[in-house]
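Taking it in order: structure first as structure tokens, then the write-up.
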Ligand code: DAK
């Protein structure tokens, strides 16, 4: 299908979704949510895709938040639908079997920070800015921001960011544990693709297992999380990829992962 509000590309095993409303700093409206949903359908159906990268078109923004010009006219029921649709999209990103990197090339504010946090990790340009400035608009984060931010950076820092609405630099975001790595702006894409290429060489079954164990494990007590790990360990160990990886080591050759489960 044709996309207007995002650019959707596949480069070998790497899928790229670029938010594409640069004149509005890639602000998210219902059409963006719909198109991202369609791209995720395509990604899920294509087993050759092993990594997803999200980024923003243009020099200034990843995503400067939900589209304020749309939100201003929402009825209570429409606001709830918009919020739920956004939340559902982010749950889908987290539920994808493949790793998702947020390549934050500029402003990631409000919904932008929320989208980035639903990715597996964040690489940022040294020009990137993060924040939950919704309080300045008399509202609160609506795409899971209060929840994911507190889980990522802790309760007090999440409260400070959501209560003050201040915008922080990429370096500050790294210091509080929101961002994994900060790169000079012009190197961000190359460095992101290097990591995407590396991730694409790994086994699909074990990649999905790591993602599930860490995401789901954080929602439960330590012992339950470790049981979850044991189950996933058993699945990986006895999967064709597990057998291939272990045999390849013993035979001193590179593994060839097929990503299948028996
Ligand atoms: N929405 C719509 N348009 C936006 C926008 C946004 N979030 N951010 C920027 N734009 C537009 C500007 O209006 C401007 O349009 P024109 O005037 O050229 O037509 C264009 O993008 C360029 O922006 P600026 O001229 O303002 O550029 P500057 O470099 O001067 O400033 C800025 C950049 C990012 C600091 C500034 O644009 C800004 O403060 N933007 C708003 C950032 C913000 O507050 N983001 C949070 C949005 S609230 C919920 C669901 C979701 C959410 C909440 C509830 N439910 C339904 C319950 C999430 C909320 C948010 O994300």
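Numbering (the numbering used here), first residue to last: 65 to 326. Glycine included, each C-beta is placed from N, C-alpha and C at the ideal position.
Proximity test, residue i beta-carbon vs the ligand DAK heavy atom, cut-off 7 Å
{"i": "residue 298", "result": "no"}
{"i": "residue 328", "result": "Any property of residue 328 remains undetermined from this structure, which presents the chain solely from 65 to 326."}
{"i": "residue 94", "result": "no"}
{"i": "residue 133", "result": "yes"}
{"i": "residue 205", "result": "yes"}
{"i": "residue 171", "result": "yes"}
{"i": "residue 87", "result": "yes"}
{"i": "residue 147", "result": "yes"}
{"i": "residue 197", "result": "yes"}
Three-state secondary structure assigned by DSSP to residue i
{"i": "residue 233", "result": "strand"}
{"i": "residue 245", "result": "strand"}
{"i": "residue 187", "result": "strand"}
{"i": "residue 265", "result": "coil"}
{"i": "residue 111", "result": "coil"}
{"i": "residue 256", "result": "helix"}
{"i": "residue 125", "result": "strand"}
{"i": "residue 117", "result": "strand"}
{"i": "residue 161", "result": "coil"}
{"i": "residue 142", "result": "helix"}
{"i": "residue 192", "result": "coil"}
Proximity of residue i and residue j at Cβ, strictly below 8 Å
{"i": "residue 252", "j": "residue 183", "result": "no"}
{"i": "residue 146", "j": "residue 90", "result": "no"}
Nearest-angstrom beta carbon gap, residue j and residue i [assumed within contact, 8 Å]
{"i": "residue 92", "j": "residue 150", "result": "7 Å"}
{"i": "residue 234", "j": "residue 273", "result": "In fact, because the Cβ distance is near 31 Å, the residues do not count as touching under 8 Å."}
{"i": "residue 177", "j": "residue 195", "result": "6 Å"}
{"i": "residue 118", "j": "residue 164", "result": "7 Å"}
Neighbour flag for residue i against chain D, beta carbons, 8 Å
{"i": "residue 168", "result": "Looking at the structure shown, chain D is missing, and only one protein chain is on hand."}
Straight-line Cα distance separating residue j from residue i
{"i": "residue 331", "j": "residue 104", "result": "A query on residue 331 cannot be resolved here, the shown segment of the chain reaching from 65 to 326 and no further."}
{"i": "residue 246", "j": "residue 189", "result": "6 Å"}
{"i": "residue 243", "j": "residue 222", "result": "14 Å"}
{"i": "residue 170", "j": "residue 249", "result": "9 Å"}
{"i": "residue 128", "j": "residue 173", "result": "5 Å"}
{"i": "residue 262", "j": "residue 320", "result": "14 Å"}
{"i": "residue 288", "j": "residue 68", "result": "44 Å"}
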